[in-house]
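> If you read the sequences in order, they're chains A and B. Using our numbering, read the first sequence as starting at 15 and increasing by one per residue. Using our numbering, read the second sequence as starting at -17 and increasing by one per residue. Can you keep this structure in mind? I'll have questions shortly.
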Amino acid sequence: MFASNIPEVPYSDPWIAPLHERIKTLARGKRRVAYFYETANNSTFRYRAYNMVQVLNDDKNRDVSASYFFLNDLYRMDEIAEYADLLVICRSGYSHRINQLITRFRTQRKRVLFDIDDFVFNTSYAHLIISTLGQDTDQPEIWDYWFAYISRMGETLRLCDGAITTNDYLAARITEFSGLPVNVVPNFINKEQLNLSEMLFRSKEVSGFSRDNKICLGYFSGSPSHNLDYAIITSALEGVLENDPRIELMVVGYIEAGPELSRFGRRIKRQPFHDYVNLQRLVGSVEFNLMPLQVNDFTNCKSDLKYFEAAIAGTLSIASPSSTYAATIRDGENGYIAQAHQWASVIQRAIENIDTYPDMAATAYADVRLKYAWFNQRESILQALGME
Amino acid sequence: MIDHIYKVYCYWRTHGTATLRQLIFRKLAYKFRRPTDQFQHPTEQFLDSKPDHNRAIDVAQISHARFQAVTPLRTYFLPESQTRRVNIVTDSISSGSLFGGVGTALIFAALLANKLNAQLRIITRTERAKPENVDHVLLLYGIKLEHEVQFKFAAFYDQKYELDIVKDDLFITTSWWTTAATLPSVPNDKIIYLLQEDERMFYPFGDDRLRCETILRNRNIRFLINTKLLFDYLVHDGFDNIAAQGMWFEPAFPVQVFHPGAKDQGGKRKFFFYARPNNLRNLFYLGIEVIEQAIVQQVLDLEHWEIFLIGKDIPTVTFNDGYTPIKCENFSWSEYAELVGTVDLGLSLMYTPHPSYPPLDLVASGAVVVTNRFANKRDLSDYSANLICADLDHNALVDALRQAVAIAMDSRVREQNYRNNGLLTDWQQALDGIIQQLSGEA
């Protein structure tokens, strides 16, 4: 495990701002983009609206300005439509309000784009999604919920003029479904996250990546829907923990380590869900970040955010070869790829290669900083918005 | 209590360890899982209740309870997928069951998946898969999967799992019961039944055998038979569907796995007996009687030979004047292959038309082996002149052992026979024609 001397930072959601300020922010540029999301959260909203707005507003010339709005703000829908040149609706299901919002922009001949980060708009795949997420298919409410959720999402998508998404695989699924033009803007690291992560990386670098005599594997889950993904590695973890007393496991977020591993006692460490900035401290403390995924058409659409958030904190990842991970991770160079049957042997290989850790971590860090740091996203965002 | 233990013992004698283990798993699963099952299958209610001989039970419930292993797979259609899939349906891929037939299924499926640019999905029905076992086999045989592999535990007692399928998915089934479980759930022309034994011979004449034979006569599926000998036997026995829709292959024994190992110079020579008392077709009792006779007749001189019993559930046997052989059980595959490489002479019986793997493993590793004749299995010298086939009686087998000892002691002849082995050594080559044909049709 890596020892960190970077203290925890005080955290509050940085996106909290009164509506009048957000309208003012929108109105200050020459070309203005309004992002809509139903209600702020730490996941899709942060990546697809808050981070985009942060990049667009980092413009000394005030050429482009952007702001984000929520369902509760729509009583001032007319003002938003008046100021904004373009509306981006992020992952929102159809409702009368969404239709009215789109209609406001359309009647003024302003474009509306749909931004989505998950394959949740085509009901033909509802069963696959429910099954992949390990939902209880015997509950009729589950079917009602997912069919409604997915079809509402698909309907909003169809009302828009184009789409923006996180990777090429998902872009192809959007085009198949809607026939709309699609641009890709990857998920990326925002200012707050980058600042702390860079401190973590530098501190590791200065100490020569010094560690205690343990090797900690980390599983970080932002939602409880990853039980079946985690199950892919349980048997490999059992074997690795059994064979090597140096190995420890840290399980973070909404997931349990599982009864199979309870016999390893204190070697299994449990951490609660953390805010996204301080989570980087935990991610940066483990040697290997484990990212198992069941591979299918749903999971192939997932972004590679778990990889870049580990790499920027100087931590190497071991991942399933889903579409995005396979495209991003060069096995043995900037991380490791493990097919479902190889987890035990790949973890073993990664441990044996621990001497090469600093070089690999530096490669991954440099790759990620170039590709996923917020300050390198402006061009692709403007291009996706048709504002280049 | 004694009665209960005796019943379990009788069940074990009749059905074997694997089936008993399945029954225990199933009972435990019912015990622990039911509270979450909102919609319990009526058969489960029946199975789970205390025996009540006055209670009316319908035919479906009785049949389902008796033939649980053929409970259909739970599948659902997806409109399309970006990745095609080759599926294996098998009981288990635990390290104990992965080699031999199941290993062959895995190798075949992996090579077919790579050829079709498809994903491999391994569906197990009695035990959750340990993925690292698959890694071990594929590494050993030098096979690298082009796409991610998926593991799915589709237990026949589970009400929850589901398998997504698309129209192009192929299913390789590995027994009559996995075939029977797959038939109602996927398009039948997508099933390839990998048949590695005349499975009717697992049973006395009765319901199991009848159901097995019905599956073997299915005209809607394709058959892939392990060895031409077994294929010819089935065709000769009237399976015209297999004659029409069957293909066969000969197994391969790669040199990196099977090869002569370093012999203990000056030590005793090694005699191998494939000892599985609970797999009746391996004729354990005949085998130990023949060994006893060979020792008495000085065919096997214990001054010069050390006897190894390799298998499962082996009792502690003593031969002739109290000699106790060495028992080898629960070996990993690499331990097994290493031991086989040091063997000089083997006895491996199989009371079916299939030559079976152990005799071929041994001759591939440079040993001399005696096995038995059965139906059209008369002469296996095309595989190796070190493989001697004898009639199934004590004297014929002892005579064959005498002949085999002579070859085993004659290093020049034994070496020459080994060099002229007719065994294939490359799985890719062994299955190439089949895979070409299937990928052309698929």
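Ideal placement from N, C-alpha and C gives every residue a C-beta, glycine not left out. Since this is a predicted model, take the numbers as computed values, not measurements.
Comparing C-alpha positions only, which one of B/D246, B/N261, B/Q275, B/D189 sits nearest to B/F49?
If we check each option's Cα against that of B/F49, B/D189 comes out closest.
> Starting from the C-beta of B/L379, find all residues in its chain whose C-beta is less than 6 Å away, skip the five residues before and the five after it, and write them out in chain order.
Cβ neighbours of B/L379 beyond the five flanking positions: V272, A372.
> Do you know how far the Cα of A/V291 is from the Cα of A/D27?
Their Cα atoms are separated by approximately 10 Å.
> State the DSSP-derived secondary structure class of B/Y256, mapped to helix, strand or coil.
Correct three-state label for B/Y256: strand.
> If we cut at 8 Å on Cβ distances, does A/P200 have a partner in chain B?
Output row for A/P200: interface = no.
> Less than 8 Å separating the beta-carbons of B/D171 and A/H355?
The answer is no: Cβ separation not under 8 Å.
> What number of angstroms, rounded off, separates the C-alpha of A/E270 from the C-alpha of A/R284?
Cα to Cα, the separation comes out at about 8 Å.
> Give every residue of the same chain whose Cβ lies closer than 6 Å to the Cβ of B/D140, excluding the five residues on either side of it in the sequence, and list them in chain order.
Excluding sequence neighbours, B/D140 sits near nothing in its chain.
> Closest by CA to B/R258, which one among B/M332, B/L282, B/G220, B/D381?
Here the closest residue by C-alpha is B/M332.
> DSSP three-state call for B/F90: helix, strand or coil?
Three-state result, B/F90: helix.
> Per the DSSP calculation, A/I130 is bridged to which residue(s)?
Bridge partners of A/I130: A/T179.
> In chain order, which beta strand (DSSP E) runs of at least 3 residues are fully inside the region 184 to 217 of chain A?
List check, beta strand (DSSP E) in window: 196 to 198.
> If you drop the 5 nearest sequence neighbours on each side, which residues of the same chain put their C-beta closer than 8 Å to that of B/L88?
Taken in chain order, the residues that qualify are I70, I75, L80, I104, V116, V119, L120.
> When you compare the CB positions of A/K205 and A/Q68, do they come within less than 8 Å of one another, or not?
Cβ atoms of A/K205 and A/Q68: closer than 8 Å.
> Rounded to the nearest angstrom, how far is the Cβ of B/F253 from that of B/L369, given a contact under 8 Å?
Incorrect: roughly 16 Å between the Cβ atoms, too far for contact.
> Give a yes or no on whether the minimum CB-CB distance between A/V309 and chain B is below 8 Å.
So yes, A/V309 belongs to the interface.
> I want to know whether the region 210 to 223 of chain B touches the region 379 to 389 of chain B - three or more CB-CB distances under 8 Å.
The region 210 to 223 of chain B vs the region 379 to 389 of chain B: no contact.
> If A/G107 and A/Y163 are in contact, beta carbons under 8 Å, what's the gap, nearest whole angstrom?
That belief holds up - the Cβ atoms of A/G107 and A/Y163 are roughly 6 Å apart, short of 8 Å.
> Would you please verify whether the beta carbon of A/Y233 is less than 8 Å from any beta carbon of chain B?
Cβ-Cβ to chain B under 8 Å: no for A/Y233.
> Give the C-beta separation of B/I154 and B/L165 to the nearest angstrom, bearing in mind that I take them to be a contact with Cβ-Cβ under 8 Å.
Actually they are not in contact, since the Cβ atoms of B/I154 and B/L165 sit about 14 Å apart, beyond 8 Å.
> Express the C-alpha separation of A/R295 and A/S83 in angstroms, rounding to a whole number.
The sequence as given places Phe at residue 83 of chain A; Ser does not occur at that position. When rounded, the distance between both Cα atoms is 30 Å.
> Would you mind listing the alpha helix (DSSP H) stretches within the region 41 to 106 of chain A that are 4+ residues and don't spill past its ends, in chain order?
Fully enclosed alpha helix (DSSP H) runs of 4 or longer: 65 to 70, 91 to 97.
> Quick one: list the residues of chain B neighbouring A/G193, beta-carbon separation under 8 Å, in chain order.
Here the premise fails: no neighbours, minimum Cβ distance about 16 Å.
> Can you find at least 3 beta carbon pairs, one from the region 273 to 283 of chain A and one from the region 93 to 101 of chain B, that sit closer than 8 Å?
No, the region 273 to 283 of chain A is not in contact with the region 93 to 101 of chain B.
> If A/L358 and A/S334 are in contact, beta carbons under 8 Å, what's the gap, nearest whole angstrom?
As written in the sequence, residue 358 of chain A is Ala, which differs from the Leu given in the question. Wrong, their Cβ atoms sit about 14 Å apart, outside the cutoff.
> Going along the region 54 to 67 of chain B in order, which residues come within less than 9 Å of chain A, judged by CB to CB distance?
Against chain A - using a Cβ distance shorter than 9 Å - the residues of the region 54 to 67 of chain B are Y58, F59, L60, P61, E62, S63, Q64, T65.
> With 8 Å as the threshold, decide whether the Cβ of A/A358 is near any Cβ in chain B.
For A/A358, the answer is yes, since a Cβ of chain B falls inside 8 Å of its Cβ.
> Do A/I20 and A/L210 have their CB atoms nearer than 8 Å?
It is a contact, given that the beta carbons lie within the stated cut-off.
> Can you give me the C-alpha to C-alpha distance between B/T18 and A/I143, rounded to a whole angstrom?
Any reading at B/T18 must be qualified, since the residue scores a pLDDT of 34, below 50, and its modelled position is unreliable; no value is offered.
> Hey, could you find the ends of the beta strand (DSSP E) B/M332 is sitting in?
Here B/M332 belongs to no beta strand (DSSP E), and DSSP marks it neither H nor E.
> For B/Y12, which three-state DSSP category applies?
Confidence at B/Y12 is low in this model, with a pLDDT of 48, below 50, so the placement of that residue should be treated as unreliable; the coordinate-derived value is given next. Helix at B/Y12.
> Looking only at its chain, what residues have a beta carbon closer than 6 Å to the beta carbon of A/A95, apart from the 5 residues adjacent to it on each side?
The residues are R118, F119.
> Do the region 369 to 377 of chain A and the region 322 to 334 of chain A meet, that is, are 3 or more Cβ pairs less than 8 Å apart?
Yes, since at least three Cβ pairs between the region 369 to 377 of chain A and the region 322 to 334 of chain A fall closer than 8 Å, the two stretches touch.
> For A/N16, count the other beta carbons within 10 Å of its own beta carbon; 16 or more makes it buried, fewer makes it exposed. Which is it?
Note on identity: in this sequence residue 16 of chain A is Phe, with Asn being the wrong assignment. Looking at its Cβ environment, which holds 16 or more other Cβ atoms inside 10 Å, A/F16 is buried.
> Return the CA-CA distance between B/D73 and B/G83, expressed in angstroms with no decimal places.
Cα-Cα distance, rounded: 12 Å.
> Return helix, strand or coil for B/Q50, following the three-state DSSP convention.
Note: B/Q50 maps to helix in three-state DSSP.
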